[in-house]
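There are 2 protein chains.
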Amino acid sequence: MGLTKTEIFNDEQNQLATLLKAMAHPARIAILQRILISNTCICGDLVEELGLAQATISQHLKELKTAGIIQGTIEGVSICYCINPVTWKLLENQLGAFLGAYKGETKCC
Amino acid sequence: MGLTKTEIFNDEQNQLATLLKAMAHPARIAILQRILISNTCICGDLVEELGLAQATISQHLKELKTAGIIQGTIEGVSICYCINPVTWKLLENQLGAFLGAYKGETKCC
DNA sequence: GCTATTAATCGTAATATTGCAATACAATAT
DNA sequence: ATATTGTATTGCAATATTACGATTAATAGC
């Protein structure tokens with residue numbers, strides 16, 4: 014089928030999966046790292062810096078945007094992207110709770 | 014194409030992307046949560062608890078295992094899965110550094 | 001009006017993912 | 001030996017993703 018059965022999972026699981034999926038690509042991680050470094054926003058510099066075509070970069074940006082991880086505003090001819098603080102905070106909280114739930118040491122496998 | 018150009022990204026980006034991708038599915042998040050809760054390992058209880066076929070669960074477990082996030086040992090007839098502490102720690106560090114790199118407040122978009 | 005410049009979208013090809021039924025395998029029990 | 005139980009693998013269909021060239025907006029400057 015190739016169709017994830019989202020209806021059998023709860024909202025938290027689906028939301029976290031969606032956010033992780035949006036980040037689960039080296040190009041999108043690279044894009045986010047670039048935005049994080051030059052805290053001020055960027056635009057199509059990415060096309061030169063990463064070795065991907067403009068259409069491809071634009072697509073990755075769109076995915077990050079629809080996931081709510083970044084936001085963009087028009088800045089003259091180019092477009093300025095930056096982190097969406099709300100989603101970023103949410104991601105930190107959700108992931109923190111998730112990863113932090115593991116208390117090692119209980120010997121098992 | 015449909016083929017990620019891993020060669021143009023660095024190891025850190027590729028590794029993080031691979032780990033995130035392994036977790037970026039609600040079923041796999043549910044499986045991990047289940048393992049985290051019953052800190053002691055589990056097996057095919059998942060097939061009953063999640064509403065997915067046995068073959069599908071087995072496939073998701075395999076993905077988590079090949080990504081190094083979980084590990085399994087034979088426990089009589091069934092197989093006992095649990096978190097791989099090394100990878101989990103790595104994930105915490107990598108993600109912590111990544112998410113923590115965002116210092117908000119610098120007004121932008 | 002035109003013309004660059006920048007980014008989004010469309011169309012397409014190659015590949016990957018998701019899910020399941022059917023089957024195979026491996027360990028134990030009878 | 002054979003049956004049972006628990007898990008893995010295979011094969012397949014439906015869908016999603018990745019990447020790119022070509023095209024299409026949208027804006028700025030002339």
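Protein sequences, first through last, are from chains A and B.
In terms of this note's numbering, the first sequence opens at residue 14 and continues consecutively.
In terms of this note's numbering, the second sequence opens at residue 14 and continues consecutively.
Built from N, CA and C at the ideal position, the CB exists for glycine as well.
So, with DSSP's three-state summary, where would you put residue 81(A)?
The three-state reading of DSSP puts residue 81(A) in coil, since its state is none of H, G, I, E or B.
Need the endpoints of the beta strand (DSSP E) that residue 96(B) sits in, please.
Annotation: the continuous beta strand (DSSP E) that includes residue 96(B) extends over 91-96.
Straight-line CA distance for residue 116(B) to residue 85(A)?
Across the structure, residue 116(B) and residue 85(A) are spaced so that their CA atoms are roughly 18 Å apart.
Taking a contact to mean a Cβ-Cβ separation below 9 Å, would you say residue 104(B) touches residue 112(A) in this structure?
One thing to note: residue 104(B) has its Cβ within 9 Å of the Cβ of residue 112(A).
Mapping the DSSP letters down to three states, classify residue 86(A) as helix, strand or coil.
DSSP places residue 86(A) in strand when its eight states are reduced to three.
When DSSP builds the beta bridges, which residues end up paired with residue 55(B)?
In the DSSP secondary-structure assignment, residue 55(B) is bridged to 94(B).
Opening and closing residue of the alpha helix (DSSP H) in which residue 31(A) lies:
Here the alpha helix (DSSP H) through residue 31(A) covers 24-36.
In chain A, what lies closer than 8 Å to residue 8(B) by C-beta?
It is not possible to answer for residue 8(B), since the shown part of chain B is limited to 14 through 122.
Starting from the beta carbon of residue 56(B), find every residue of chain A whose beta carbon is closer than 7 Å, and list them in chain order.
By Cβ distance, chain A contributes nothing, its closest Cβ being about 11 Å from residue 56(B), past 7 Å.
Measure from the C-beta of residue 105(A) to each C-beta in chain B and report whether the shortest distance is under 9 Å.
Closer than 9 Å to some Cβ of chain B, the Cβ of residue 105(A) qualifies, so yes.
9 Å is my cut-off, CB to CB: does residue 79(B) come that close to chain A?
Not one chain A Cβ lies under 9 Å of residue 79(B).
Interface residues of chain B around residue 74(A) at Cβ under 9 Å?
Result: empty, since nearest Cβ-Cβ is about 13 Å, beyond 9 Å.
With a threshold of 8 Å on Cβ separation, who are the neighbours of residue 97(A) within its own chain once the five nearest residues in sequence on each side are excluded?
So the qualifying residues of the chain are 81, 82, 83 and 84.
N-terminal and C-terminal residue of the alpha helix (DSSP H) that residue 42(A) is part of:
Start and end: 39-50.
Figure out for me which residue from 28(A), 62(A), 59(A) and 87(A) has the closest Cα to the Cα of residue 121(B).
Out of 28(A), 62(A), 59(A) and 87(A), the CA that lies nearest to the CA of residue 121(B) is found in 87(A).
Under 9 Å between beta-carbons, which chain B residues line up against residue 37(A)? List them in chain order, please.
Ordered by position in chain B, the residues that pass the 9 Å Cβ test against residue 37(A) are 29, 30, 31, 32, 33, 34, 35, 36 and 37.
Count the C-beta pairs between the stretch 23-30 of chain B and the stretch 69-76 of chain B that are closer than 8 Å, then say yes if the count reaches three, no if not.
Under the 8 Å Cβ criterion, the stretch 23-30 of chain B does not count as touching the stretch 69-76 of chain B, having fewer than three qualifying pairs.
Give every residue of the same chain whose Cβ lies closer than 6 Å to the Cβ of residue 27(A), excluding the five residues on either side of it in the sequence, and list them in chain order.
Excluding its 5 nearest sequence neighbours in each direction, residue 27(A) has C-beta neighbours in its own chain below 6 Å: 19, listed in chain order.
Show which residues of chain B have a CB atom less than 9 Å away from the CB atom of residue 42(A).
Here the neighbours are 22, 25, 26, 27, 29, 30, 33 and 111.
Starting from the beta carbon of residue 100(A), find every residue of chain B whose beta carbon is closer than 7 Å, and list them in chain order.
Result: empty, since nearest Cβ-Cβ is about 11 Å, beyond 7 Å.
For a test of the three-state rule: what should DSSP assign to residue 117(A), helix, strand or coil?
Coil, per DSSP.
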